[in-house]
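Peer 1: I have a structure here, written as structure tokens, and I will follow up with some questions on it.
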Amino acid sequence: MSISREALAPTDTFPRRHLGPAAAEIAAMLPILSQPSLDALIDAAVPAAIRRGPLALPAALGESAALAELRSLATQNQIFRSFIGLGYSDTAVPPVIQRNILENPGWYTAYTPYQAEISQGRLEALLNFQTLVTELTGLEIANASMLDEGTAAAEAMMLCHRVKLGDSQAPSTFFVSSACHPQTVDIVQTRAEPLGVQVVVGDHRTVDLAALTPFGVLVQYPDTTGSIHDFADFFVRAHAAGALTVVATDLLALTLLRAPGEFGADVAVGSAQRFGVPLGFGGPHAGFLATKDAYKRQMPGRLVGVSKDAQGNPAMRLALGTREQHIRRDKATSNICTAQVLLAVMASMYAVYHGPAGLRQIAQRVRTLIALLRRGLVQLGASVNAEPVFDTLTIGNVSAARVHAAAHAKKINVRSLDAYHVGVSLDETTTLADVAQLLGFFGDATIFGENLSTLLAAETASDYATPHARSSRYLEHPVFNRYHTEHEMLRYIKRLEAKDLSLCHSMISLGSCTMKLNATSEMFPVSWPEFGKLHPFAPSEQTRGYQKLFADLETWLAEITGFAAVSLQPNAGSQGEYSGLLAIRAYHQSRGEGHRTVCLIPTSAHGTNPASAAMCGYKVVAVACDSNGNIDVADLTTKATQHAANLAALMVTYPSTHGVFETSIKDICAIIHAHGGQVYMDGANMNAQVGLTSPGFIGADVCHLNLHKTFCIPHGGGGPGMGPIGVAAHLRPFLPGHVFTPPRSGGAPRPGAVSAAPFGSASILVISWMYIRMMGPEGLTAATKIAILNANYIAQRLAAHFPVLYRGAQGLVAHECILEFRPWKKHGLEVEDVAKRLMDYGYHAPTMSFPVPGTLMIEPTESETKAELDRFCDVLISIHGEMQAVADGRADKSNNVLKHAPHTALVIANDAWTRPYSREQAAFPDRHTRASKFWPAVGRVDNVYGDRNLVCSCVGMEAYAETPA
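Per the numbering used here, the very first residue in the sequence shown carries number -2; after that it's consecutive.
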């Protein structure tokens, strides 16, 4: 008997696990679209002029084989103990947090909490994070996290700029202490240059602020050398000179040190990484930004506030949304459209688990160990900081080469400074034995006796002296003082998890957000120590595995996008947009055309586009869209001609923001190039391109990729994300640089950094590596085809009930569709009513009112089966019937099942039920909800009340967390 090759094929092939519809389901879907085959559908939907050849990528591996190959890369990383510091510390991740949050799809597959009623768990955890930050910094309001410490500092600079100078782009000065972390200085300088802001780096003790007249100043506390300075007098001088004051600080140190708000800080920034988040070779980590209440409307990023629901119970939601780029566009406070939610949740839970006493104990232990190290070094003849320190020493009067060699022999890294100085930073995981070993690198440590007993006897832990000592209390709210056993912590985590709808429950069909499968096999390696335990500034010879992984991803993404080079540094889609525009800007400058500062942006574009352009100093000129949602080519041509002398770029999304493959896209690119501009393509809709076409083939010069969309990094409840950029060959020299990476060869000056770590959030790149490696070229192309199939299937099934607003030339959509709900306004029904009613059926609403107000934009992705698509369609058809009942007068216009949605368990169980519809219709409207019910945690949230009565921490909130009013 002969054995077929197929019979011996691996049984754990991945595309069949990732792709929702099986062959029989595809065959059943195609007749509804009047298409004979999947390829025929694609030929009809995707313009022939943009079709490319097959992807030249490695063949797909099964799950176990891909994990084995990645494991071979991981073993090439060497796990040294790193005492490098620079804002990154090893930490003991509590296993209860690692297993139940970091590794739990109930937390990492949820979406940004725009639909607050089914996001109360994350919102509570983020409120805890904001409380943690405000109380430790001594400031009044904090946001729900930033991308990292360096970008937080850059955002703080721009906050100061807005407060002091309004929207003026006049040249101005920002002072940065030379004792700030180098990567922070690098990012601040990158951010400042396009806006005409002059960054002056110097010594805060000697700078003449009166002569400099800066609009803001930035200092580090403790500084990058480890020293703790009293900035009170300096801040008095800064305020007298008209400047706002920014402190980059360490949350753990602040459990012992005077809070920045108590010595005059207007803004505090930093990273919460050492609160239980792995090093991960640089990320992802949660940065933070806190400020005074007076500046809250100038604050960037997400902000969680407390409001009330329809029954008057406390309810949380995202507050002050009018600051955001989707509302204010080029006038927004920032282009950041996300946060580091999953990491902020971990950091907040670390604080909840340890509580104020536990955090102080951890900090005091670190301080005691550094005091022992300091005393021993002095006795060995080394010089150390004259000022007080927390966890870091700059050690002089030594042979740095000898110290590094001795440390390397013991698999230990210390910070490189110069020939006679090194730096050492201790952390939560440091032991007394580590201190003894470190001392041995600087001399004969045996003089101290076994276990440093002589030093230990002479050194006792004590509080800092005035003015550095902390006197104010912190984290007294019950949430930080209740869950200190693992049993209680586990229950608290699970209670919050139960309040959030995630991909564990149902499809999340958000247009332009691509909530697809985040496979377990892709997620496994994130927790491998070979990827999680590396310091971002570890010597390159210790990171060979990461380097190979980066090289693979850059090569694969370049092939997928049709570009010559890729940078993996941008750690969010917003950072990718910004980096791509910076590359275009630098290219024009290199050609003596720095005057090109006009950026054309279609009116339908994501709000991040104009916000990013404004950050680059560009003037945004809007381009109209026609009645079909396509770019108005005539208007584009007029604008390109009008601004030809100064045209820098066009920002375009493809397929369009309206979910259509525009047939004129190549002509559009040619028009821009003919007038001297570059084409930036927003990669938000890349899920409709992979394997069928590519930005480079279409004619774009640069494109960012949302790895948290197309390439399977999970959304994390609103973050992390990754936004690498691909560029054509002429833009390669202008990709982001970094102070800790060598300059590129060639004549072009090194561009600045856009993220604190050279490779952004490196540890989650393993997810996209696994996805591409397991899907292979055929699987990736099949994913795109099925994404287009699924979107068209939904559009066709629902078209008779909710018209599809835009279609392509063949009457088809791309990977998403926009449904029309505006005609229902005359019956008193809003699209928000539909969004809230979907919660009663166990669904998260599609993208609401973007890009067209009063619509829903649906993107089912390739991962959803026909059964799930059908259930979703059946639900919307059922809701259509409920809407029709209102329109026909069979249901009251204001007292109906839609207006009161969502319905909580408390409402349904209430003894008093006076509504004109039944409890069953409210809570159990279909078979699925009777078998598996997801209960919204709160009723409809009052957004207006929340903004008018802004509360952004748990302090003072009555009946907080678990007890309804």
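All C-beta atoms in this analysis are idealised placements derived from N, C-alpha and C, irrespective of residue type, glycine included. No experiment lies behind these values; they were computed from the predicted model shown.
1) Go through its chain and collect everything with a Cβ distance to H877's Cβ below 6 Å, but skip five positions before and after it.
2) Would a C-beta distance cut-off of 9 Å place A580 and M719 closer than the cut-off?
3) Which ranges would you report for the beta strand (DSSP E) in the stretch 154 to 205 if only whole runs of at least 3 residues count?
4) In chain order, what residues of the same chain lie with their CB nearer than 6 Å to the CB of R541, ignoring the 5 residues before and after it?
5) Decide yes or no for the touch test of the stretch 168 to 186 against the stretch 311 to 320: beta carbon pairs closer than 8 Å, at least 3 of them.
6) Whole angstroms are fine: how far does the CA of L493 sit from the CA of L1036?
7) Note down the Cα distance separating R362 from V432, rounded to an integer number of angstroms.
8) When burial is assigned at 16 or more other CB atoms within 10 Å of the CB, is E473 buried or exposed?
9) DSSP three-state label for S860, please.
10) Look up D36 in the DSSP assignment and say whether it is helix, strand or coil.
11) Of all the beta strand (DSSP E) runs that stay within the bounds of the stretch 32 to 117, which reach a length of 3 or more residues?
12) Could you tell me the boundaries of the beta strand (DSSP E) in which M648 lies?
13) From M772, E861 and H484, pick the residue whose C-alpha is nearest to that of C501; which is it?
14) How many angstroms separate the CA atom of L162 from the CA atom of I359?
15) With three or more C-beta pairs closer than 8 Å as the rule, is the stretch 668 to 682 touching the stretch 639 to 649?
16) Using a Cβ-Cβ cutoff of less than 8 Å, which residues in the same chain neighbour L546 once the five nearest sequence positions on both sides are dropped?
17) Compute the Euclidean distance between the alpha carbons of E574 and H701, then round it to the nearest angstrom.
18) Near V883, what residues of its chain come up, given a Cβ to Cβ distance below 8 Å and the 5 sequence neighbours on each side ignored?
19) Could you tell me which uninterrupted alpha helix (DSSP H) segments, each at least 4 residues in length, are contained entirely in the stretch 569 to 629, listed from first to last along the chain?
20) Assign A958 to buried or exposed, taking buried as 16 or more other Cβ atoms, counted over all protein chains shown, within 10 Å of its Cβ.
21) Identify every residue that forms a DSSP beta bridge with F285.
22) Helix, strand or coil, according to DSSP, for G734 in the structure here?
23) With distances taken from CA atoms, which of L286, Q270 and A312 is nearest L1010?
24) For F260, which residues from the same chain have a beta carbon less than 8 Å from its beta carbon, with the 5 sequence-adjacent residues on both sides left out?
25) Is it buried or exposed for N394, if we count other Cβ within 10 angstroms and need 16 for buried?
26) When you compare the stretch 682 to 695 with the stretch 805 to 813, are there three or more beta-carbon pairs, one atom per stretch, that lie closer than 8 Å?
27) Do you know offhand how far S422's Cα is from L390's?
28) Below 9 Å between beta carbons: does that hold for V789 and L809?
29) Measuring CA to CA, which of A583, T600, H603 and A602 is closest to T594?
30) Below 8 Å on the Cβ atoms is my guess for A898 versus K822; work out the distance and round it to an integer in Å.
31) For the alpha helix (DSSP H) that Y489 lies in, which residues bound it at each end?
32) According to DSSP, is A697 helix, strand or coil?
33) Apply the 10 Å Cβ neighbour rule to Q337 and answer buried if 16 or more other Cβ atoms are within range, or exposed otherwise.
34) So the alpha helix (DSSP H) L429 belongs to, where does it begin and stop?
35) Suppose the cutoff is 8 Å on Cβ atoms and the five residues either side in sequence are ignored; what does the same chain contact list for Q195 look like?
36) Where does the unbroken beta strand (DSSP E) through E817 begin, and where does it stop?
Peer 2: So, to answer that:
1) Within the same chain, H877 has close Cβ partners H798.
2) no
3) 169 to 174 and 194 to 199
4) Q73
5) no
6) Residue 1036 lies beyond the range of the chain shown here (-2 to 962); nothing can be said about it.
7) R362 and V432 have their alpha carbons spaced roughly 12 Å apart.
8) exposed
9) Under the three-state reduction of DSSP output, S860 falls in the coil class, being neither helix nor strand.
10) helix
11) 78 to 80
12) For M648, the enclosing beta strand (DSSP E) starts and ends at L644 to T650.
13) Nearest to C501 by alpha-carbon distance, out of M772, E861 and H484, is E861.
14) 42 Å
15) yes
16) Closer than 8 Å at Cβ, skipping near neighbours: L67, L70, L762, V763 and W766.
17) 6 Å
18) Correct list, in chain order: H824, G825, L826, D889, K890, N893 and L895.
19) 570 to 587 and 605 to 612
20) With a pLDDT of 44 at A958, under the threshold of 50, the predicted position of this residue should be treated as unreliable, though the coordinate-derived value follows. It counts as buried.
21) Answer is G267, bridged to F285.
22) coil
23) Since the first residue shown for the chain is -2 and the last is 962, residue 1010 is missing from the structure and cannot be characterised.
24) D227, F228, A229, F232 and P464
25) exposed
26) yes
27) Near 6 Å, if we compare the C-alpha coordinates of L390 and S422.
28) Just to set this straight, residue 789 is Asn in the shown sequence, not Val. Yes, these two residues count as a Cβ contact at 9 Å.
29) A583
30) Actually they are not in contact, since the Cβ atoms of A898 and K822 sit about 17 Å apart, beyond 8 Å.
31) E483 to E494
32) In this structure, A697 counts as coil in the three-state DSSP scheme.
33) buried
34) Here the alpha helix (DSSP H) through L429 covers L429 to G437.
35) P168, S169, T170, F171 and A189
36) C814 to E817
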